[in-house]
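See structure below.
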Amino acid sequence: MAKSQQSFGKKEREKKRQKKREEKQLKKEQRKANPKSSLDDMIAYVDEYGFATDTPPDLSNKEEIDPSTIQLGVPKREEEEEDPVKKGKVAFFNDSKGYGFIQEQETGEKYFVHINGTLEDIRENDKVSFELEQGKKGLNAVRVKKI
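With full-length UniProt numbering, letter number 81 in the sequence shown gets 81, and the count goes up by one each step, no holes.
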């Protein structure tokens, strides 16, 4: 007796393909049966509260706006004058190598400090005031004094 040339897996794959074809044909027939949607059906309007509606807005409630009052572009940011002197605590300081880090009180940011940027001798856990200056690798604390 000869063994069937089609295995169970082949039969299953063929059934899936046939089912897909039938579903595709059914969708095609449904699309042809339904009338196409017009542009008016696709348009949505936004009311004065920001919600999407399908009815156009009432033009009698239209508010006139002077075009010269509209500001185009990014508004100019007013520079807030920051206090250049910041306060913090010495988180780490190595006397032998001459550098350390200061943690600012307000933000918790840590800044590098070199012994050349100090006005007085500092140690770990000292409360200090300092100013920031741009260094090679970021902001550095300079003019460091004990409080």
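Each residue gets a CB set at the ideal place from its N, CA and C atoms; glycine is no exception.
query                                                                                                                             : result
Quick check on the burial criterion: 16 or more other C-beta atoms within 10 angstroms. Buried or exposed for L132?               : buried
Going by DSSP in three states, Q134 sits in which element: helix, strand or coil?                                                 : strand
Hey, how far is the Cα of V113 from the Cα of P84?                                                                                : 16 Å
Note the first and the last residue of the continuous beta strand (DSSP E) segment covering F92.                                  : 86-94
Report yes or no: is there a C-beta of chain D within less than 7 Å of the C-beta of E109?                                        : Absent here is chain D; the protein component of the structure consists of one chain.
Measuring alpha carbon to alpha carbon, tell me which of G73, F8, E104 ends up nearest G88.                                       : E104
Hey, quick one: how far does the beta strand (DSSP E) through E104 stretch, first residue to last?                                : 99-104
Mind checking K86: buried by the 16 CB within 10 Å criterion, or exposed?                                                         : buried
Given that a residue counts as buried once 16 or more other Cβ atoms are within 10 Å of its Cβ, and exposed if not, what is N140? : buried
I'd like the span of the alpha helix (DSSP H) that includes F51, first residue to last.                                           : Element bounds for F51: n/a, residue is neither H nor E.
Checking the sheet assignment: what are the DSSP bridge partners for T69?                                                         : Partner(s): none; T69 has no beta bridge.
Among L26, Q18, K146, A33, whose alpha-carbon lies nearest the alpha-carbon of V90?                                               : K146
May I have the straight-line CA-CA distance separating K136 from R77, to the nearest angstrom?                                    : 28 Å
Under 7 Å between the Cβ atoms of G138 and I115?                                                                                  : no
Compare the C-alpha of D54 against each of I65, D40, D66 and name the closest.                                                    : D40
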